[in-house]
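S.K.:
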Ligand SMILES: Cc1cc2nc3c(=O)[nH]c(=O)nc-3n(C[C@H](O)[C@H](O)[C@H](O)COP(=O)(O)OP(=O)(O)OC[C@H]3O[C@@H](n4cnc5c(N)ncnc54)[C@H](O)[C@@H]3O)c2cc1C
Ligand SMILES: Cc1cc2nc3c(=O)[nH]c(=O)nc-3n(C[C@H](O)[C@H](O)[C@H](O)COP(=O)(O)OP(=O)(O)OC[C@H]3O[C@@H](n4cnc5c(N)ncnc54)[C@H](O)[C@@H]3O)c2cc1C
Ligand SMILES: Cc1cc2nc3c(=O)[nH]c(=O)nc-3n(C[C@H](O)[C@H](O)[C@H](O)COP(=O)(O)O)c2cc1C
Ligand SMILES: Cc1cc2nc3c(=O)[nH]c(=O)nc-3n(C[C@H](O)[C@H](O)[C@H](O)COP(=O)(O)O)c2cc1C
Ligand code: FES
Ligand code: FES
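And the structure:
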C-alpha cells in the first residue's frame, strides 16, 4: 500500500502535513506526536525580522470553529534557521517553510535567506487577513498575486507553493494567477475573515476586531475551493480547512488535493495528525485502494 | 421599552424576520409560531414563473451548519400573490417578498407584478449560488449589481432591499454598488458556497455538487460582513447568517444591522424566532436599554 | 395544531440486532396524534449535528412512541448511546401516514430499516394481512409481526426464508392482495411500483429523502411527481409533508 | 514527555457555591506529574465547542486532580452538568507552576476564581504561610485553607472579613512576607505588582489569557514581557507555556 506522494518534484512519505501556525515548528507537539510519521511539518509563518503580532485577545471560539488574530508573530528568519530547522532536521519528515512579509522586499529577503537552507518547499502566505500593511492585498488581487509569485520564484531555488485566501470572489482565477506566475503548487484555504462581538460588553472579542475563521465550520468551503482550484490548474494542490479526521482529509484528496494540512484540529486533539494518517490507511485497506494517488481528484 | 424599528421608511414592530427560503410563506411554521409576533415574514424567493429547482439530494449536514441546493424551486408569482399573500395578510406582521430571476427581465416581471400588491418591501436575491443561468453573476460583480439595482428600482414602487452574496472579495464595494444603484437597503449574508463529498461512495453528496452553507458555522463571517457593509453605506442593513439565539441576533445588531433574519435556526428549533424576540427583550431589560435602536451599530 | 416539539424522556433504548436499536420515548402529545406511517424528527444533543433525524414511528403505546433505528452515521450512532432517563427533543407526528383502507387483503412489504413503520400499521388494519419482510442478513422485529398477520421472510444471504428480495418472496409464496403498503430502499420501491402496476394492485410507497425542516417549508426533500403538484406548481412533492407515503402512480421514482 | 492527554473519569462534581463547582478527575499520569500552579485543558463533550478550557489544578490527591471552576459561559456551564462516572478528555499538566522557594514567609493571594490553585500550593510550602483571599460576595474554599496557613478574607460586599479587596486586607491586617504568590483578575495582579515593587517583595503572578493549543505552539495566549523573550524574540511571553506564573517584573500588565 503506497501512501507517498510526489508534490512538485518532492517525495513525501504520506500526504499529511500540518497547517502553518497551528503547530509552531513542531517542538511543542513532539510531546504528543512522533514527527517521523508526518509527511511534512509546515512551519509557522516566518518573516525577515521578528514580528510582535497583534495585541491580545487573539483567540475567540465560535460555533464549530475559532477565530485567531495572532498577526503572524514570529522570531524572524535568523532565529528560525538557527534554532527551528536543526530541530526539525532530527526527524525523518519533510519541511515546508511558510513565509510571510509586509512587502515584496520582505518576501524576497526570506526566500533568499532560505536558498542555502536544506528545506523541501516554501509556502508563501499571501493571504493572512491579520496583517494590515500587506499580505491580504497580494492574496485577493490576481495581478498582485501573479506578480509576487513571479518575484518569489525568481529569487528562490526551492519549489514554491502559493497559499491562497478564501476571501475572494473567484478562487479559480487566483489559482490560475499563481500558476501563470510560475508557482509549483498552491495551497488553500487560509482562514475566512470573521468577527465576534461580546454582546454583554458591547465590544469586539478580539483586540484586532477581525480574525481568521478556521476549524470544521469552514470545511465545506475548503472542499469546494480545493475542487474549483484543482480543476483550474495543472500544478498540485495542498488542501486544508477544518480537517478533523481521516474522512475530512479524504474529502479534500477526492476533491483534488495531493496533500492535506491539519490545522485547528491539533488544538482539539494533539494526536489528530497521527489519527488521520492511521485512518487513511484503514480506509485504503477497507476499500482495496493500493495507492493514495488513485484517490486524488477521484470524486465523480 | 421600544423594539420597533424603521427600515427604509417602513415600521416593523420588532427587528426579527425570517431568512428567505427557510420559512416558506409561513404556513407550515404557523403550527409552531404566532406569526403576529414577528417583525416581518420574508418569503421564499419567487420568480415570474414556477421553477422546478435542483434534483435531490438537496440537503447535506455539515459541522455546525448545512448545505442546501434547493435551486430556488417556487410556484411562480401568480400563485404566490393569490395564495400566499392573502394567507400572510391575516396576520399583523410585515411582509418582505424575496424575488429571484434568471435574467433582468425576469426580475422586472416579478417586481412589476408586485406593484399592485400590498406588501411592505422587496428583497432582491442577486446571490443565489445554485442558479447557474444567472443570479450569482449579479451578486458578485459590482457593476452588474449596480445595474440590476437601478433596473429594479425603476420598475418598483416598493422599498427595495438588495440581498448580497458573501462569496466576494470586498463586501463593502458590493454594498456601495447597491446603494449607488438606489437600493433602499441591503441584506446579507446569503449562503457561502460549499461542497460535501461522500468519501465511501466517492460521490458528491448534493446532486448539484455545490450548495449554500448556512447555520451557526458561518455566523462569524456574517458579523464581519454586516459590520463592514453597514460602515460602507448609509442605507439600513438586514443582517443574517447563523443566528441561533438572541445573543447572535444582538451581535448583528451591534455590528450595524437594523433588522435580523433567522434562517437555518428554524429547522433546529421551530420556535427560534419567538425565543430570540423574547431573549432580546430580556437583554434590554437586564441592561436598561429602552430602545432597540440604541443598539444598532453600538459596538466599540 | 397537531404537531408538537417536545422534550421526550427516553423510557428504554435496547439493541435488537448488531446495529439496530429499539427506543421508547415518552411523548404524549405526539403519541396521541400519530397514525401509522408518520415519522418524528429526532434532534441529536451534540451541537455539531444540527439537523433533526427523521425516524418512522414503529409503534404507539399509550403515551409513548417507539422508534427502531439503525446506527449508520454520526447521529444515529450517538442516539444509540442514549440511556433510559435521558431527555431528547422530538417533533411530530410528521408526514401523512398510510391511508387506512379497511376490510381488504393487504401486503405489508418492508425492506431493512423500512420495516419498523409497518408494525403499527399491521396493528391498525382489519382484514387479511400478509407481511413480507426483506433483510440483507440479520433478522430483527420479525417475531413481533406474527400476532398481526402472516409473516414471510426474504434474506439476501438466504439464511432465513427465501433467498433474495421481497419480490422473490412474493413470487415464491404466491402472495396476493388488494393493497400493498411498503417501505424500504428506493430500488425495492421501484420494483414494487412496477409489480403493483403489472398486477393491478393499489400500491403505497413510503419514501426517504434528505430533510431539513421536516414540515414542508424548506423544499429540501422533494420527490418527482407524475403530475404538477397542486402546492408546488411544479413536478415536485415534499416527502416530509405530502408524504412520506405516496400512491405509487403519483411519483416518478 | 510529562504532558498527557487522557480520558479521565469524573469521580465527583459538586457545587461549592451558587456557581462554583469542585470536580475530582481520575487521571494518574497528570496527577503524578503536576506541581502547584499548573493547569489542565478540559475538553467539552459538545462538538460545537472546540477549544479546551484551561482550568487550574486546585489539588492533587493520589491519582486524582481536583479542579474548582466557576460556571460562567457555555463550556463551564456544561462542565457543571457532568456526573460522577462520566469521562472527559483532559490534557496536562500544562504551564510552569509556581516556583517553590521554601523556608520563607509567604503571602498567597487569590482573587475570586484565582483562589483554587493556591490550595495545592499552600500544602506544598514550608514556612510562614499567610493566605489572603478576596471575594466579591459569596465565600468558597476558604475553610479548606485553614489547616495550611493563616487565612485573611476580603469581600467587596463586606459581609465577610475586610470590606474591599485583597490589598485592603493586607493593609488592614498588616501582613507582610518575603514572597507573594498570587492568582486572580488582572486589576488585582496589577495592584499586587505595584505593591510588591513598592514593598520590595518578590511577587509571582499567575495570568489568564484566551488560549487555543495550551502548549506553546499557536502564540494565541501571549502577554507583554518587559524584555525581549528568549523564545519569541519579541516582547511576548506565552501564558500557557512560559507561564501562567511569572515573576511580576517579567511582565508588563
Ligand atoms: C421519513 C423517513 C423515515 C425514516 N425512518 C427511519 C427509521 O424508522 N429507522 C431508521 O433507522 N432510519 C430511518 N430513516 C433514515 C434515517 O433518517 C437516517 O438513517 C438518519 O437520518 C441517519 O442519520 P446519521 O446521523 O446516523 O447519518 P449521517 O449520514 O451522518 O447523517 C447526515 C445527514 O444526512 C441525513 N441522512 C442520512 N441518511 C439518511 C436517510 N437514509 N434518509 C434521510 N436522511 C438521511 C441525516 O438526517 C443527516 O441530516 C428514515 C428517513 C426518513 C426520511
Ligand atoms: C491558566 C488558566 C487557569 C484558569 N483556571 C481556572 C480555574 O481554576 N477555575 C475557573 O473557573 N476558571 C479558570 N480559568 C478561566 C477559565 O478558563 C474560563 O472561565 C473558561 O475557559 C470559560 O469557558 P466557558 O466556555 O464557560 O466560557 P465562554 O466565554 O463561553 O468561553 C469561550 C471561549 O473563551 C475562553 N475563555 C473564556 N473566559 C476565559 C478566561 N477567563 N480565561 C481564559 N479563557 C477564557 C474559553 O476557554 C473559550 O475558548 C483559567 C484560565 C486560565 C487561562
Ligand atoms: C492560530 C493560527 C495561526 C495561523 N498562522 C498561520 C500562519 O502563520 N501562516 C499561514 O499561512 N496560515 C496560518 N494559519 C492558517 C492555517 O494554516 C490554515 O490555513 C487555516 O487555519 C485553515 O485550516 P484549519 O481549519 O485546519 O485550521 C493560522 C491558523 C491558526 C488557527
Ligand atoms: C433551505 C434554504 C433555502 C434558501 N432559500 C433562499 C431563497 O429562496 N432566497 C434567498 O435569498 N435566500 C435563500 N436562502 C438563504 C437564507 O435566506 C440565508 O441568507 C442564509 O441561509 C443564511 O442565514 P442562516 O444561516 O440563518 O440560514 C436559503 C437558505 C436555506 C438554508
Ligand atoms: S424537509 Fe423541508 S420541505 Fe421537507
Ligand atoms: S495557547 Fe497556544 S501558545 Fe498558548
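Residue numbers (our numbering), protein chains in the order written: chain R, 1 to 300; chain W, 301 to 600; chain X, 601 to 853; chain D, 854 to 1106.
In this text, a Cβ means the ideal position worked out from N, Cα and C, and glycines have one as well.
Hey, is residue 922 (chain D) close to ligand 2, as in C-beta under 7 Å from one of its heavy atoms?
M.R.: At least one heavy atom of ligand 2 is nearer than 7 Å to the Cβ of residue 922 (chain D), so yes.
S.K.: Name the two residues that bound the continuous alpha helix (DSSP H) containing residue 705 (chain X).
M.R.: Note, residue 705 (chain X): premise wrong, no alpha helix (DSSP H); beta strand (DSSP E) at 704 to 711.
S.K.: Could you name the residues that DSSP lists as bridge partners for residue 539 (chain W)?
M.R.: Beta-bridge pairing links residue 539 (chain W) to W:488, W:560.
S.K.: Got a sec, what are the start and stop residues for the beta strand (DSSP E) residue 728 (chain X) sits in?
M.R.: First-last of the beta strand (DSSP E) with residue 728 (chain X): 727 to 735.
S.K.: Between residue 1070 (chain D) and ligand 6, is there a pair consisting of the residue's CB and a ligand heavy atom that are separated by less than 7 Å?
M.R.: Yes.
S.K.: For ligand 5, is there a heavy atom less than 7 Å away from the beta-carbon of residue 888 (chain X)?
M.R.: This structure cannot speak to residue 888 (chain X), because chain X is shown only from 601 to 853.
S.K.: Going by other Cβ atoms of all chains shown within 10 Å of its Cβ, with 16 needed for buried, is residue 303 (chain R) buried or exposed?
M.R.: Absent from the structure is residue 303 (chain R), since the part of chain R shown begins at 1 and ends at 300.
S.K.: Quick check on the DSSP output: the beta strand (DSSP E) that includes residue 714 (chain X) runs from which residue to which?
M.R.: Neither: residue 714 (chain X) is in no beta strand (DSSP E) and is coded neither H nor E.
S.K.: Could you give the C-beta distance for residue 8 (chain R) and residue 240 (chain R), rounded to a whole number, given that I count them as a contact under 8 Å?
M.R.: Not confirmed; about 16 Å, so no contact.
S.K.: Can you list, in chain order, the residues of the segment 248 to 278 of chain R whose Cβ is nearer than 8 Å to any Cβ on chain D?
M.R.: Listed in sequence order: 264, 266, 267, 268, 269, 270, 271.
S.K.: Would you say the beta carbon of residue 892 (chain D) comes nearer than 7 Å to a heavy atom of ligand 2?
M.R.: Correct: residue 892 (chain D) has its Cβ closer than 7 Å to ligand 2.
S.K.: Given residue 1054 (chain D), which residues of its chain have a CB within under 6 Å of its CB, disregarding the five upstream and five downstream residues?
M.R.: Closer than 6 Å at Cβ, skipping near neighbours: 1033.
S.K.: Taking residue 23 (chain R) as part of the beta strand (DSSP E), name the residues at either end of that continuous run.
M.R.: Counting along the chain, residue 23 (chain R) falls outside any beta strand (DSSP E), and DSSP gives it neither H nor E.
S.K.: Along the segment 217 to 232 of chain R, what residues have a CB closer than 9 Å to any CB found in chain W?
M.R.: Within the segment 217 to 232 of chain R, the qualifying residues are 217, 218, 219, 220, 221, 222, 223, 224, 225, 226, 227, 228.
S.K.: Hey, quick one: how far does the beta strand (DSSP E) through residue 1055 (chain D) stretch, first residue to last?
M.R.: Per DSSP, residue 1055 (chain D) belongs to the beta strand (DSSP E) from 1055 to 1059.
S.K.: With a threshold of 8 Å between beta-carbons, can residue 300 (chain R) be considered close to chain W, or not?
M.R.: Residue 300 (chain R) counts as touching chain W.
S.K.: By the three-class DSSP mapping on this structure, what secondary structure does residue 974 (chain D) have?
M.R.: Helix.
S.K.: For the beta strand (DSSP E) containing residue 838 (chain X), name the first residue and the last one.
M.R.: It spans 836 to 838 - the beta strand (DSSP E) in which residue 838 (chain X) sits, taken as one unbroken run.
S.K.: Scan the segment 152 to 229 of chain R and note each continuous alpha helix (DSSP H) run of 4 residues or more that stays entirely inside, going in chain order.
M.R.: List check, alpha helix (DSSP H) in window: 171 to 180.
S.K.: Taking the alpha helix (DSSP H) that residue 410 (chain W) falls in, what are its first and last residues?
M.R.: First-last of the alpha helix (DSSP H) with residue 410 (chain W): 404 to 413.
S.K.: Expressed to the nearest angstrom, what Euclidean distance is found between the alpha-carbon atoms of residue 949 (chain D) and residue 973 (chain D)?
M.R.: When rounded, the distance between both Cα atoms is 14 Å.
S.K.: Could you check whether the segment 218 to 233 of chain R touches the segment 492 to 510 of chain W, counting it as contact only if at least three pairs of C-beta atoms, one from each stretch, sit closer than 8 Å?
M.R.: They touch, by the three-pair rule.
S.K.: Can you tell me the Cα-Cα spacing of residue 130 (chain R) and residue 298 (chain R), whole angstroms?
M.R.: Bear in mind that a pLDDT of 49 at residue 130 (chain R), under 50, signals an unreliable position, so the number given afterwards is only what the model happens to contain. Going by the C-alpha atoms only, they are around 35 Å apart.
S.K.: Using a beta-carbon distance cut-off of less than 9 Å, what residues from the segment 637 to 649 of chain X approach chain C?
M.R.: No chain C appears in the structure shown, which is made up of the protein chains R, W, X and D.
S.K.: Using a C-beta to C-beta distance shorter than 8 Å, which residues of chain X count as neighbours of residue 375 (chain W)?
M.R.: What residue 375 (chain W) touches in chain X: 831, 832, 833, 834.
S.K.: Cβ closer than 8 Å: which chain W residues qualify as neighbours of residue 822 (chain X)?
M.R.: Result: 353, 356, 358, 373.
S.K.: Counting Cβ pairs closer than 8 Å, one from the segment 169 to 184 of chain R and one from the segment 226 to 244 of chain R, do we hit at least three?
M.R.: The segment 169 to 184 of chain R vs the segment 226 to 244 of chain R: in contact.
S.K.: Please give me, in chain order, every unbroken run of the beta strand (DSSP E) with length at least 3 that falls completely inside the segment 638 to 687 of chain X.
M.R.: With a minimum length of 3 residues, the continuous beta strand (DSSP E) runs that stay inside the segment 638 to 687 of chain X are 639 to 642, 653 to 656, 659 to 661, 664 to 670.
S.K.: Looking at C-alpha atoms only, which residue of W:510, W:548, W:567, W:559 is the closest neighbour of residue 304 (chain W)?
M.R.: Nearest C-alpha to residue 304 (chain W): W:559.
S.K.: With a threshold of 6 Å on Cβ separation, who are the neighbours of residue 1018 (chain D) within its own chain once the five nearest residues in sequence on each side are excluded?
M.R.: Cβ neighbours of residue 1018 (chain D) beyond the five flanking positions: 987, 1007.
S.K.: If you draw a straight line from the alpha carbon of residue 884 (chain D) to that of residue 490 (chain W), how long is it in whole angstroms?
M.R.: Each residue's alpha carbon lies about 49 Å from the other.
S.K.: Per DSSP, what kind of secondary structure is residue 574 (chain W) in: helix, strand or coil?
M.R.: Reduced to three states, the DSSP call for residue 574 (chain W) is helix.
S.K.: Can you name, in chain order, every residue of its own chain whose Cβ lies under 7 Å from the Cβ of residue 420 (chain W), other than the five neighbours on each side?
M.R.: These residues qualify, in order along the chain: 310, 340, 394, 395, 396.
S.K.: Name, please, each residue of chain W whose Cβ falls closer than 8 Å to the Cβ of residue 603 (chain X).
M.R.: Simply 331, 332.
S.K.: Residues of the segment 483 to 516 of chain W in Cβ contact with chain R at a cutoff of 7 Å, in chain order, please.
M.R.: Answer set for the segment 483 to 516 of chain W: 492, 493, 494, 495, 496, 497, 499, 502, 503, 504, 510, 513, 516.
S.K.: Is the beta carbon of residue 316 (chain W) less than 8 Å from the beta carbon of residue 576 (chain W)?
M.R.: Taking 8 Å as the Cβ cut-off, residue 316 (chain W) and residue 576 (chain W) qualify as a contacting pair.
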